[in-house]
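What follows is a single structure, written as structure tokens, with notes after it.
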Ligand SMILES: C[S@@+](CC[C@H](N)C(=O)[O-])C[C@H]1O[C@@H](n2cnc3c(N)ncnc32)[C@H](O)[C@@H]1O
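Numbering (the working numbering), first residue to last: 4 to 294.
Next up, the structure:
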């Protein structure tokens, strides 16, 4: 297989998070607090600090901000619920939103069933001198009737089985204040069938090369050997791969008694897109309110 040369180091992401510091903090937190989610929560902040994985709020940053700006237009205050947050990326994204539209006050509550992302959210908020409320628990059991103007469920949908998604989305509607909006991310259908296995292997090989180059250059503090870390990458989970067309997404949301307002396609537009091929993966946001 052709070796793909590592890209240059890319800390220069739009977020104000201190990604290298948060990556190391996340490592320590994941070792203490994570169970089955350790590989996921430990690797995510490093991937973001390195700039690989096509994950995280950096992916299609401007497109995401556009959607969030439209979803919250006309509000002087927005009470946000972040329904799942792999690390501090979502508070970071909302920081970008606040900068894009000064004068709006944002309050943030984060719910996650693991303490590791909550620790990172609190660390980022403290560094910014901002307030944040964190709640440890399963979103299925989270009750907060009508308390939020906006719920951002940033691809947490991949953690839910098909047969529980509608009930769960109906439950998310109960968190919304009158006029409030749900912004939920889904893996979006590709224009064609899954890319050939070769593309998958090329992406994995490129990611490994970038990780090795960054860690060997000593720019990130990783307290384990690179092969162990790469092994975690290969077993990150969740394994959910169902992709939704725009019409699937609106059907699911309507079945949950929510009213779709907008479906926004978020192109997978970074170096990895080239490796995946012209029909690379996409994601989408659906914006909905209570019917
Ligand atoms: C997909 S991540 C957030 C997405 C990330 N920002 C990204 O860009 O890909 C989802 C988070 O939701 C949490 N989560 C998954 N299922 C959950 C549940 N039932 N209750 C609470 N948190 C959950 C996971 O622990 C994880 O931190």
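We treat Cβ as the ideally placed atom computed from N, Cα and C, and that holds for glycine.
In the DSSP assignment, residue 70 falls within the alpha helix (DSSP H) that extends over 64 to 74.
For residue 231, the enclosing alpha helix (DSSP H) begins and ends at 229 to 237. Straight through space, the alpha carbons of residue 145 and residue 51 are spaced by roughly 28 Å.
Relative to ligand 1, the nearest heavy atom lies less than 7 Å away from the CB of residue 159. Taking C-beta atoms as the reference points, residue 84 and residue 112 count as a pair closer than 8 Å. For residue 137, the closest of 148, 150, 122 and 147 by C-alpha to C-alpha distance is 122. Cα atoms of residue 63 and residue 70: separation of roughly 11 Å, rounded to the nearest angstrom. Taking 3 residues as the minimum length, the beta strand (DSSP E) runs contained wholly in the region 118 to 197 are 136 to 139, 151 to 156 and 179 to 191, in order along the chain. In the DSSP assignment, residue 82 falls within the unbroken beta strand (DSSP E) covering 80 to 86. DSSP places residue 104 outside both helix and strand once states are collapsed to three, so it counts as coil.
In terms of side-chain proximity, the C-beta atom of residue 84 is found no nearer than 7 Å to any non-hydrogen atom of ligand 1. For residue 60, the distance from the CB to the nearest heavy atom of ligand 1 is below 7 Å.
Taking a 10 Å sphere around the C-beta of residue 143, we find fewer than 16 other C-beta atoms and assign the residue as exposed. Non-local beta-carbon contacts of residue 186 in its own chain, meaning distances under 6 Å to residues more than five positions away in sequence, involve 74, 155, 288 and 290 in chain order. Our two residues, residue 174 and residue 222, have alpha carbons roughly 43 Å apart in a direct line.
Scanning 234, 229, 184 and 206 for the CA closest to the CA of residue 266 turns up 184. A Cβ-Cβ contact shorter than 8 Å links residue 93 with residue 60. Residue environment: residue 241 is assigned as exposed (fewer than 16 neighbouring CB atoms within 10 Å of its CB, all protein chains considered).
Nearest to residue 114 by alpha-carbon distance, out of 132, 159 and 103, is 159. If you look at residue 29, you'll find it in the alpha helix (DSSP H) that goes 22 to 36.
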